[in-house]
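Under the numbering used here, the letters of the sequence shown match residues 13 to 180, in that order.
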Amino acid sequence: VVEKEQVFDVIAEYLCFLIQSIDRLVFKTLNTKQRQELINKLAKQSAFYYQENKSERIGEGNHWKAFVNTYNQRSQDYSNYDFIGNEPDYHFLRYFAEKIKLAMTDVDEKWIVQQMIEIQAPKAFKKISSSVDDLVAVDKIISKQVQIENKTNKTPRSKRKSTRSDLQ
């Protein structure tokens, strides 16, 4: 059970790090209301999945509340650190690494901070940054109802006009 608890502690830290990274990445693109809505939804959905998975693997408990409390504390703490050139600075990464270290065993904690700062955190950030770029590049978000309507009224690809100028 200790190992499983450690896994969930690491997952919680990753989720907090990634949500905070997303918040920084969308800061200039979305207005305050949109940004708050996005981050709140991400945090709540993460808490839901955290609750569901931890209950299945470890046992019942108020894991949702524990995650939300951790997230709220991390949000406050991460606000003390900067993004430079649209990337987390060393202190942002270091804070994340230190929190991961606390979830690890004594054997692992000797090497984990450097591993997190140099390899794991930048790798995770790169993936989430790419996803955020794709998300905010969308001109508009279409509701599920409109998507269904569009699908039923969709022109088959073979009957659509080509977007390539050399084929027109």
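Note that the Cβ used here is the ideal one computed from N, Cα and C, for glycine as well.
With a threshold of 16 other beta carbon atoms within 10 Å, Gln32 meets it and is buried. With three or more CB-CB distances shorter than 8 angstroms, the region 32-45 counts as touching the region 95-105. Unbroken alpha helix (DSSP H) stretches of 4 residues or longer found wholly inside the region 18-98: 44-69, 75-90, given in chain order. Taking 4 residues as the shortest admissible run, the region 116-156 contains the following complete alpha helix (DSSP H) segments, listed from N- to C-terminal end: 121-127, 133-148. Residue pairing by DSSP places Pro100 opposite Phe95 in a beta bridge. When Cβ pairs closer than 8 angstroms are counted between the two stretches, the region 23-31 is seen to touch the region 70-83, the count reaching three or more. Here Lys66 is buried, its C-beta having at least 16 other C-beta atoms within 10 Å. Non-local C-beta neighbours of Phe20 in its own chain, meaning closer than 6 angstroms and more than five positions away in sequence, comprise Lys66, ordered along the chain. Assigned with DSSP and collapsed to three states, Asn165 falls in coil, not helix or strand.
Look at Arg176 here: in three-state DSSP terms it is coil, with no helix or strand label.
Buried is the label assigned to Leu27, since at least 16 other Cβ atoms lie within 10 Å of its Cβ.
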